[in-house]
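Asks: Take the sequence shown: its position 448, counted from the start at 1, is 447 in numbering that gives the first Met the number 0, and no numbers get skipped. The beta-carbon is built from N, C-alpha and C at its ideal position, and this holds for glycine as well. Predicted, not measured: the structure shown is a model, and the values here were computed from it.
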Amino acid sequence: MKNFAPIFLLILIAGCTHTEKQSSVSEQQTVSNELPQSPHHVKLTWETSPSTSQAVSWRTSDEIKSGTVEYVKATASPFFEVDVRQISAETDTLTSDDRTWAYHQANITGLEPGTTYSYRVGSGDFWSEWSEFTTAIGTDEPFKFIYFGDVQRFIYSKGSRILRQAILNVPDAKFMVFGGDLVHRGAQNIENYGEFFPGGGWIFQNIPTIATPGNHEHDNAKSGIDLSDLWFQNFNFPKNSPEGHEEETYFVDYNNIRVISLNMCRYRYEDDRKEIYDWTKESLEEFEGDWVFITFHYAMDALARNRDAGIRFPEFKALFEQYNVPLILTGHEHLYARGRMDAPFPVYVVSVAGPYQNAIRFADWIERAGTNMQLFQEIEVSPDTLHYYSKTVLGDIYDEFKIVKDGAGKLTFIEGKNLPEESLEPTQDFEDRYDQDLVESYEKDRAEYLNRKRK
Ligand SMILES: [Fe+2]
């Protein structure tokens with residue numbers, strides 16, 4: 000506290016000067032969000048229906064013992080603090096690499112569909128700014144969402160720009176989907192969540208996040224067990240899961256679509272595998288809306304050039320084909336690939352949002368590939384069309400296709416026209432990072448890939 004005393008005093012002085020001029024706006028004290036007691040890492044997720052609920056979570060120093068969400072229907076007037084409702088958050092403390100923080104989570108329920116609310120979080124003298132969220136309309140309407148592959152490394156310096164540029168490109172996105180490895184060390188704040196949330200800043204406060212765990216969100220990135228405590232403290236995801244898989248394998252139904260998150264890091268364990276499989280089958284079987292999107296971290300086929308090729312989850316691949324799942328969104332490979340395997344659907348997408356890049360193995364199912372790019376995906380959904388763009392961090396279209404559904408439910412894939420030349424340079428330090436045979440065969444493999452596509 001001692002360290003912050005001069006800042007605090009300055010803010011109080013500044014606050015006093017302001018109060019004289021605008022006394023009727025708010026009697027409540029505001030405090031700089033630089034103070035650890037102030038709410039930060041404020042973010043929106045869904046625990047229950049997006050049309051009637053909104054989950055909010057945030058962090059403070061552990062001096063703060065409780066948290067409250069205040070919310071009210073939004074108006075253009077700044078004098079909206081009438082009939083403000085309050086709900087209490089659940090507060091937990093967790094000590095990780097930097098210090099002990101208090102983590103606060105609340106799920107606002109009983110909201111009206113298609114309605115914008117203003118909200119803020121905090122307690123006592125420490126409050127966030129007011130921000131807005133809008134509940135889903137709950138029925139068919141065209142809308143967009145954004146997908147991000149791994150952000151993971153160098154989050155502050157280069158991961159942040161993909162989050163910001165994506166939102167500048169798609170400001171009307173209703174939510175963001177993250178395909179895992181949001182961070183590199185899921186049990187740590189320093190260089191990890193301590194960079195990830197500030198990297199997106201207010202974006203997380205205004206646009207809900209759906210995320211599936213990557214291997215790096217686990218305490219041991221190779222184990223697939225022990226999803227880090229920070230995952231559960233940071234996010235408030237649905238519990239419509241197989242028992243014991245809450246908030247990692249789950250679905251969110253937004254209007255006419257279902258977004259399914261599968262924690263396939265647990266696939267290596269036979270019981271987990273079966274539980275996830277049965278649950279996925281049931282979730283596909285029962286869904287009556289228009290489109291299903293499935294996201295999980297590991298690409299169906301390993302594509303990083305130094306990894307063993309092969310279908311990672313064969314029985315899931317068969318299930319997705321059986322149910323004609325249109326689109327599977329994955330990551331882990333640190334490169335871009337899009338294509339279909341042994342059936343007209345699904346379309347498999349492997350993408351990367353952050354700066355860490357791998358060299359590609361040109362698997363024969365790839366219809367479009369890319370390397371050395373930070374990318375995000377813009378996906379527009381209407382009842383009969385799914386319109387997909389993969390865009391670079393500069394907002395340029397790198398890949399595009401549509402999936403159109405006819406009256407009988409039959410899907411047709413239509414690739415975008417005039418796509419730019421593929422970016423297929425091997426990654427930085429390629430010769431140093433990869434075995435000699437992988438380096439020496441690269442040019443031949445790339446030529447064969449391009450030749451195959453010309454036919
Ligand atoms: Fe990964």
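1) Which two residues bound the contiguous beta strand (DSSP E) that contains Tyr297?
2) Output the distance between the C-alpha atoms of Pro197 and Ser159, rounded to the nearest integer angstrom.
3) Are the Cβ atoms of Ala301 and Gly309 separated by less than 8 Å?
4) Alpha carbon to alpha carbon, what distance is there between Tyr249 and Ser240?
5) Pull the bridge partners of Asn106 from the DSSP assignment, please.
6) Could you tell me whether the stretch 133-148 touches the stretch 373-382, where touching means 3 or more Cβ pairs closer than 8 Å?
7) Using DSSP's beta-bridge definition, name the partner residues of Ile413.
8) Contact between the stretch 219-233 and the stretch 332-351: three or more CB pairs below 8 Å?
9) Since Glu314 contacts Tyr276 with CB under 8 Å, what's their CB separation in whole angstroms?
10) Curious, which full-length alpha helix (DSSP H) runs of at least 4 residues does the stretch 211-271 contain?
11) Kindly indicate the opening and closing residues of the beta strand (DSSP E) around Ile161.
12) Between the Cα of Val68 and those of Ile154, Arg58, Asp225, Glu414, spot the shortest distance and give me the residue it belongs to.
13) Is DSSP giving Tyr355 helix, strand or coil here?
14) Quick check: what's the CA-CA separation for Ala303 versus His331?
15) By how many angstroms is the C-alpha of Ala407 removed from the C-alpha of Ser65?
16) Near Thr426, what residues of its chain come up, given a Cβ to Cβ distance below 7 Å and the 5 sequence neighbours on each side ignored?
17) Suppose the cutoff is 6 Å on Cβ atoms and the five residues either side in sequence are ignored; what does the same chain contact list for Gly223 look like?
18) At a threshold of 7 Å, does Asn219 count as lining ligand 1 (C-beta to nearest heavy atom)?
19) In the DSSP assignment, find the unbroken beta strand (DSSP E) run with Val150 in it and report its ends.
20) Measuring straight from C-alpha to C-alpha, what distance separates Ile63 and His39?
21) For ligand 1, is there a heavy atom less than 7 Å away from the beta-carbon of Asn371?
22) Residue ranges of each beta strand (DSSP E) run of no fewer than 3 residues wholly in the stretch 313-388, ordered along the chain?
23) Which same chain residues end up closer than 7 Å to Phe111 when comparing Cβ atoms and leaving out the 5 residues on each side of it in sequence?
24) Since I believe His333 is in contact with Gly461 (beta carbons under 8 Å), could you give me their beta-carbon distance rounded to a whole number of angstroms?
Replies: So, from the data block:
1) 290-297
2) 8 Å
3) Going by C-beta atoms, Ala301 is nearer than 8 Å to Gly309.
4) 5 Å
5) Ala54
6) Contact between the stretch 133-148 and the stretch 373-382 is present: three or more C-beta pairs spanning the two stretches fall below 8 Å.
7) Lys401
8) No: the two stretches stay apart, fewer than three of their Cβ pairs being nearer than 8 Å.
9) 6 Å
10) 228-233
11) Unbroken run through Ile161 is the alpha helix (DSSP H), 159-168; no beta strand (DSSP E).
12) Arg58
13) coil
14) 9 Å
15) 53 Å
16) Contacts found: Gln356, Asn357, Ala358, Thr370, Asn371.
17) Cys264, Arg265, Arg267
18) Answer for Asn219: no, Cβ out of range of ligand 1.
19) First-last for Val150: undefined, no H or E at that position.
20) 12 Å
21) no
22) 326-330, 335-338, 346-349, 365-369, 374-381
23) In the sequence as presented, Phe is not what sits at residue 111; that position holds Glu. The residues are Thr134.
24) No statement about residue 461 is possible, as the shown extent of the chain runs from 0 to 454 and does not include it.
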